[in-house]
Amino acid sequence: MKALDSLTESFDEEKRGRILSLAKKYQLTDSQLLELLKNEADLELWQEKSTLDILDYQLIDSRQGKRKAEELMKEMRIYIDNLRYSPTDYSTFNPPKIIRAKSEEEVFTDDSIKLMGKCPCPVDGEKTRCCKLTTLDAVSQCAFGCSYCSVQSFYSKNRIGVVSNLSQRLSNIDTEGIWHIGTGQASDSLLLGDSHGTLTSLSEFATSHPNIVIELKSKSPRRDFMEKSFPRNMIFTWSLNAETIIKKEEHLTASLDERLESARIMADKKNLVGFHIHPMVYFKGWQDEYRKVVEKITKTFSPDELCQISFGTLTFTKAVLQHLRTHRTPSRVLCMPLVEAAGKYSYTLEIKREMFSTIYSYFPKEFKEKVFFYLCMEDPSLWKTCLGREYSCDKEFEEDMKKHYLDKIRASSSSRV
Ligand code: SF4
């Protein structure tokens, strides 16, 4: 009953007392109490009214025996599901003021970091369509504060680990079967810029392995590394989101315009760039705001400059849900159905289908023809309806992605002066 205990302890004394006396009065089972605690934690996170204040106690008390608890649970579910299944309303949400003083941050050498890994998609299942990305963790933990991020629950806060001997460790890796390496899994790829030589080491590795694509993924405002030149098989990508989500959930990160300006600078230097519109959030006004993101992309870049654009949504593991619910930094990212999806919790397929097909429809034909669009870690059944194409297995997806990336790199190489 670890989850039940830690959740119970996470409430202040007054709230805890109210919940526990309610549970006692109506003889809630442990699983009913756990559900109530999770929902109460979520309501606090969302800055919404507590269930305890909206229940119809007269009606509950009019029921007999176990029916009292059933009525209570029914009322709670109606209230919370109404919030979970509607587009999230951010107009009534005040984001927390997150200040992270540089002085509190400790960047330390961590050569115990396991350098290479695999995309955390379920193994070769039919549950998600996976590109089989190889991951490289040269930096672990992040100084930004995206409220949905799993990285912050893995590592200790304010301690950012950096591999010191990256060039040497990279020279020892077995590259057999590796063609695509992503560095944005355990931190933001550009969080530390090149202050610790990470980008220089990656650049040297990419130069000596022209058939391997190194993909950096970022929301960082840093630009001090941009005076360097990088090999064309190093692709610079930025995660983009609707302005509301950036302002309310992606704390301390660069604004949408700053991210696009950074990408523009790199594209001007003839580096291939890409975007991850991820995680898309189902909120009031999402269509308009995501349309604006697409307009900004298509006005700022030609499709020849872009390698890829991916779409994805919010997905949480049990461990991250538990972390968010016990730490309770205000956020509305959990204001969603949280249906089971490949061992994690996410939106329903209907909501995903609506979001992905809508955003894809905003892109002009020329972008659809020349840029590699894909769904990141999503159910294979979504592809055909949302992107108009699908793959029969992960291998086919990976091969197609590889072909597109390498063709684009070759084309950008020949256009370089
Ligand atoms: S920038 Fe990336 S790694 Fe950093 S907190 Fe946000 S999602 Fe996590």
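In short: position in the sequence shown from 1, add 920, done, that's this note's numbering. Using N, Cα and C, we set each Cβ at its ideal position, and we do this for glycine too.
Can you tell me which of the three DSSP states residue i falls into?
| i | result |
| --- | --- |
| S970 | coil |
| I1080 | strand |
| Q1072 | helix |
| F1317 | helix |
| H1129 | coil |
| T1157 | strand |
| A1187 | helix |
| L1053 | coil |
| R938 | helix |
| C1255 | coil |
| P1016 | coil |
| Q1207 | helix |
| L1136 | strand |
| F1103 | Looking at the sequence shown, residue 1103 is not Phe but Thr. Looking at T1103 - three-state DSSP - the assignment turns out to be coil, as it is neither helix nor strand. |
| L1172 | coil |
| E1260 | strand |
| S1087 | helix |
| T1029 | strand |
| V1240 | helix |
| H1247 | helix |
| P1223 | helix |
| S951 | helix |
| I1098 | coil |
In whole angstroms, give me the CA-to-CA distance for residue i and residue j.
| i | j | result |
| --- | --- | --- |
| L1241 | S1334 | 47 Å |
| K1264 | F1236 | 5 Å |
| F1293 | I1229 | 5 Å |
| D973 | L1053 | 47 Å |
| D1299 | K958 | 26 Å |
| A1106 | T1246 | 22 Å |
| D1031 | E964 | 39 Å |
| S1109 | P1223 | 24 Å |
| K944 | A1174 | 48 Å |
| L1122 | L942 | 57 Å |
| K1328 | R1049 | 22 Å |
| E1147 | E1178 | 17 Å |
| L1254 | I1271 | 15 Å |
| T1220 | T928 | 50 Å |
| Q1072 | L979 | 43 Å |
| I1018 | H1171 | 7 Å |
| K994 | K1322 | 50 Å |
| Y1282 | R1020 | 37 Å |
| V1059 | N1078 | 13 Å |
| R936 | L948 | 15 Å |
| H1196 | L1136 | 11 Å |
| L1035 | E1026 | 20 Å |
| E1225 | P1284 | 15 Å |
| H1243 | C1066 | 14 Å |
| T1095 | S1128 | 12 Å |
| P1257 | R1004 | 5 Å |
Between residue i and ligand 1, is there a pair consisting of the residue's CB and a ligand heavy atom that are separated by less than 7 Å?
| i | result |
| --- | --- |
| G1037 | no |
If you measure between the beta carbons of residue i and residue j, is that distance less than 8 Å?
| i | j | result |
| --- | --- | --- |
| F1231 | I1279 | yes |
| L1180 | K1212 | no |
| A923 | L954 | yes |
| G1104 | S1138 | yes |
| L1295 | C1313 | no |
| N1153 | P1130 | yes |
| S1159 | H1100 | no |
| L1176 | V1201 | no |
| T1029 | M996 | no |
| T1008 | R1252 | yes |
| A1126 | P1151 | yes |
| I1033 | V1083 | yes |
| C1051 | C1062 | no |
| I1155 | C1039 | no |
| V1193 | T1157 | yes |
| I1185 | R1143 | yes |
Measuring only between beta-carbons, confirm whether residue i sits less than 8 Å from chain D.
| i | result |
| --- | --- |
| L963 | As a matter of chain content, chain D is missing from the structure shown, which is built from one protein chain. |
Practice prompt. Give me every residue whose Cβ sits closer than 5 Å to any heavy atom of ligand 1, in chain order.
Written response: C1062, F1064, C1066, C1069, V1071, D1108 and K1139
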